[in-house]
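In terms of this note's numbering, the sequence shown has 191 at position 146, counting the first letter as 1, and numbering is strictly consecutive. The next block holds one structure in the form of structure tokens; read it before the comments.
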Amino acid sequence: MPRLITVAAAQLGPIQRADSRKQVVARMIALLEKAKAQGATFVVFPELALTTFFPRWYHEERAEADQWFERSMPGPETQPLFDRARELGLAMSFGYAELTPEGRHFNSSILVDRGGRIVAKYRKIHLPGHVEFDTERTHQHLEKRYFEPGDLGFPVWEFEGGLFGMAICNDRRWPETYRVMGLQGVEMVVLGYNTPSANSQSPNETAADRLFHHRLSVQAGAYQNSTWVVAVAKAGTEDGHHLFGGTLIAAPDGKIVGELTHEEDGVLVHPCDLDETRFGKATIFDFARHRRVEHYGLITERTGAGAPLGKPEGA
Ligand code: CDT
Numbered sequence: 046m047p048r049l050i051t052v053a054a055a056q057l058g059p060i061q062r063a064d065s066r067k068q069v070v071a072r073m074i075a076l077l078e079k080a081k082a083q084g085a086t087f088v089v090f091p092e093l094a095l096t097t098f099f100p101r102w103y104h105e106e107r108a109e110a111d112q113w114f115e116r117s118m119p120g121p122e123t124q125p126l127f128d129r130a131r132e133l134g135l136a137m138s139f140g141y142a143e144l145t146p147e148g149r150h151f152n153s154s155i156l157v158d159r160g161g162r163i164v165a166k167y168r169k170i171h172l173p174g175h176v177e178f179d180t181e182r183t184h185q186h187l188e189k190r191y192f193e194p195g196d197l198g199f200p201v202w203e204f205e206g207g208l209f210g211m212a213i214c215n216d217r218r219w220p221e222t223y224r225v226m227g228l229q230g231v232e233m234v235v236l237g238y239n240t241p242s243a244n245s246q247s248p249n250e251t252a253a254d255r256l257f258h259h260r261l262s263v264q265a266g267a268y269q270n271s272t273w274v275v276a277v278a279k280a281g282t283e284d285g286h287h288l289f290g291g292t293l294i295a296a297p298d299g300k301i302v303g304e305l306t307h308e309e310d311g312v313l314v315h316p317c318d319l320d321e322t323r324f325g326k327a328t329i330f331d332f333a334r335h336r337r338v339e340h341y342g343l344i345t346e347r348t349g350a351g352a353p354l355g356k357p358e359g360a
């Protein structure tokens, strides 16, 4: 019997700065209903799903940015989303800006079970961008100003009959993200993203290049850890700033089994057999047999690149 989980990657089209949480939650509920009609049992929404991608906007007063954060989850505006998911019997995952009671700011995502209970939380670890307004860039990316790095690591949870992990946007570009979860036997990684289609520091990089790097990272993470990866975009033009789409599901052999080609609200539904992760985990990526951790020390000893370790032969 395959261990099937029918996943809906629920892409959101653009959310403008003026759009309210209430409007966005209504759109997310419409996607839940669409996903349910197509047989999904688990719906994955993007990073910072409830608002525009606000790290592009500079607030001199840090506290002004608190308008984009959720002080509780669920809160008054998100409760209808939880209620509808529970009524439909759907599990879900989505990203949001988290403001803790102690005043800490994280770029977070959660797993919610079919009963509407939050059973897992992840806080984004790899924060791209910068802290101060940067006049050299064509647009700002102020995640390092508005968030602190996640403090929860990359745990894997038993969920929906399998082993699930989360990552958020820039995390997908780092092999360590997947490997730490791979070492816990992860069978499905769900991640959302908001990725500008222009590189603010290089006019030579095209939107096609950026999509290529996105696919490359997600497919490599899936293949090298023999896991499903569900990658979900917020896409389209937000107040003049374009985010690429490319919502996709990658199988444990690294192949893309489905991809959205538009930039609007929509679902990509695929029945994922978690047992398909077994072959790779038992053969080429059987970590217990093939990894050589005695040679991997630099991975945790060094953050940035340092002096080469090679010595001339015979020296
Ligand atoms: N949201 C997010 O992490 N976006 C980044 C953009 C990188 S450019 C500073 C990404 O890696 O897709």
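The beta carbon of each residue, even a glycine, is placed where N, CA and C say it ideally should be.
If Ile50 and Cys317 are in contact, beta carbons under 8 angstroms, what's the gap, nearest whole angstrom?
If you number the sequence shown from 1, residue 50 lands on position 5. If you number the sequence shown from 1, residue 317 lands on position 272. Confirmed, Cβ separation roughly 5 angstroms.
Whole angstroms is fine: what's the gap from Phe178's alpha carbon to Leu187's?
If you number the sequence shown from 1, residue 178 lands on position 133. If you number the sequence shown from 1, residue 187 lands on position 142. About 8 angstroms.
In whole angstroms, what is the alpha-carbon distance linking Gly148 and Trp113?
As a first step, residue 148 must be located in the sequence shown, where it is residue number 103. As a first step, residue 113 must be located in the sequence shown, where it is residue number 68. If I take the Cα positions, the gap works out to 14 angstroms.
In three-state DSSP terms, what is Val302?
Mapped onto the sequence shown, residue 302 falls at position 257. Here DSSP, grouped into helix, strand and coil, assigns Val302 to strand.
Is the beta carbon of Leu288 closer than 9 angstroms to that of Ser242?
Taking the sequence shown and counting its residues from 1, one reaches residue 242 at position 197. Taking the sequence shown and counting its residues from 1, one reaches residue 288 at position 243. Using a Cβ distance threshold of 9 angstroms, Ser242 and Leu288 count as a contacting pair.
For Ser262, name the three-state secondary structure that DSSP assigns.
Residue 262 sits at position 217 when you count from the first residue of the sequence shown. Ser262: helix per DSSP, three-state reduction.
Pair within 9 angstroms by beta-carbon distance, Gly291 and Leu256:
Locating residue 291 in the sequence shown gives position 246, counting from the first residue. Locating residue 256 in the sequence shown gives position 211, counting from the first residue. In this structure, Leu256 lies closer than 9 angstroms to Gly291 by Cβ.
Assign Ile170 to one of three DSSP states: helix, strand, or coil.
Residue numbering aside, residue 170 sits at position 125 when the sequence shown is read from its first letter. Coil.
Residue environment, Asn249, which counts as buried when at least 16 other CB atoms sit within 10 Å
For the purposes of this step, residue 249 is identified with residue 204 of the sequence shown, where counting begins at 1. The residue is exposed, with fewer than 16 neighbouring Cβ atoms inside 10 Å.
Pairwise C-alpha distance: Gly140 and Arg131:
Taking the sequence shown and counting its residues from 1, one reaches residue 131 at position 86. Taking the sequence shown and counting its residues from 1, one reaches residue 140 at position 95. In a straight line, the C-alpha of Arg131 is about 18 angstroms away from that of Gly140.
Mind listing which residues have their beta carbon within less than 5 angstroms of any non-hydrogen atom of the ligand CDT? Chain order is fine.
For the ligand CDT, residues qualifying as neighbours are Pro173, Gly174, His186, Cys214, Asn215, Asn239 and Thr240, where qualification means a beta carbon closer than 5 angstroms to at least one of its heavy atoms (chain order).
Of the residues Arg224, Ala55, His171 and Glu115, which one's Cα is nearest the Cα of Val338?
Within the sequence shown, numbered from 1, the residue matching residue 338 stands at position 293. Cα-wise, what sits closest to Val338 is Arg224.
Suppose the cutoff is 8 angstroms on Cβ atoms and the five residues either side in sequence are ignored; what does the same chain contact list for Lys189 look like?
Indexing the sequence shown from 1 puts residue 189 at position 144. These residues qualify, in order along the chain: Leu172, Pro173, Gly174, His175 and Val176.
Helix, strand or coil at Leu343 [DSSP, three-state]
Indexing the sequence shown from 1 puts residue 343 at position 298. Helix, per DSSP.
With burial defined as no fewer than 16 other Cβ atoms inside 10 Å of the residue's Cβ, what is the status of Lys326: buried or exposed?
As a working mapping, residue 326 is identified with position 281 in the sequence shown. Buried: at least 16 other Cβ atoms inside 10 Å.
At which residues does the beta strand (DSSP E) containing Val234 begin and terminate?
Locating residue 234 in the sequence shown gives position 189, counting from the first residue. Annotation for Val234: the continuous beta strand (DSSP E) segment containing it runs Met233 to Tyr238.
Give the secondary structure of Leu126 by DSSP, where H, G and I count as helix, E and B as strand, and everything else as coil.
Start at 1 with the first residue of the sequence shown, and residue 126 comes out as number 81. In the structure shown, Leu126 falls within a helical segment according to DSSP collapsed to helix, strand and coil.
Straight-line CA distance for Pro121 to Phe98?
Sequence index remark: in the sequence shown, residue 121 carries index 76 (1-based). Sequence index remark: in the sequence shown, residue 98 carries index 53 (1-based). Annotation: Pro121 to Phe98 spans about 21 angstroms, alpha carbon to alpha carbon.
Considering just the uninterrupted stretch of the beta strand (DSSP E) at Met137, what are its terminal residues?
Counting from one through the sequence shown, the residue named residue 137 turns up at place 92. Residues Ala136 to Leu144.
Quick check: what's the CA-CA separation for Ala75 versus Asp64?
The residue labelled residue 75 in the question sits at position 30 within the sequence shown. The residue labelled residue 64 in the question sits at position 19 within the sequence shown. Going from the Cα of Ala75 to the Cα of Asp64 covers about 16 angstroms.
Taking all protein chains shown into account, do 16 or more other C-beta atoms lie within 10 angstroms of the C-beta of Ala350, making it buried, or fewer, making it exposed?
To locate residue 350, count along the sequence shown from 1; it is residue 305. Burial call: exposed.
Cβ-Cβ separation, Gln264 to Gly299 (assumed contact under 8 angstroms), whole Å
The residue given as residue 299 occupies position 254 in the sequence shown. The residue given as residue 264 occupies position 219 in the sequence shown. Between Gln264 and Gly299 the Cβ distance is about 5 angstroms, and since that is below 8 angstroms, they are a contact.
The alpha helix (DSSP H) enclosing Phe332, as first and last residue numbers
Counting from one through the sequence shown, the residue named residue 332 turns up at place 287. Its alpha helix (DSSP H) spans residues Phe332 to His335.
Cβ-based burial, Met211 [other Cβ within 10 Å; buried from 16]:
In the sequence shown, residue 211 corresponds to position 166, counting from 1. Its Cβ being crowded by 16 or more others within 10 Å, Met211 is buried.
How about Glu205 and Thr86: are their beta carbons less than 9 angstroms apart?
Here residue 205 refers to the residue found at position 160 when the sequence shown is read from its first residue. Here residue 86 refers to the residue found at position 41 when the sequence shown is read from its first residue. Contact: yes.
What do you reckon, are the CB atoms on Val70 and Trp273 nearer than 9 angstroms?
In the sequence shown, the residue the question calls residue 70 occupies position 25. In the sequence shown, the residue the question calls residue 273 occupies position 228. Not in contact: Val70 and Trp273 (Cβ atoms no closer than 9 angstroms).
Spatial neighbours of Glu283 within its chain, please: C-beta separation below 7 angstroms, excluding the five flanking residues on both sides.
Here residue 283 corresponds to residue number 238 of the sequence shown, with the count starting at 1. Pro59, Ile60, Gln61, Thr97 and Phe98.
Using the C-alpha atoms, what's the distance from Ala165 back to Trp202?
Within the sequence shown, numbered from 1, the residue matching residue 202 stands at position 157. Within the sequence shown, numbered from 1, the residue matching residue 165 stands at position 120. Each residue's alpha carbon lies about 7 angstroms from the other.
Residue range of the alpha helix (DSSP H) that includes Glu203
Sequence index remark: in the sequence shown, residue 203 carries index 158 (1-based). Premise fails: Glu203 lies in the beta strand (DSSP E), Val201 to Phe204, not in any alpha helix (DSSP H).
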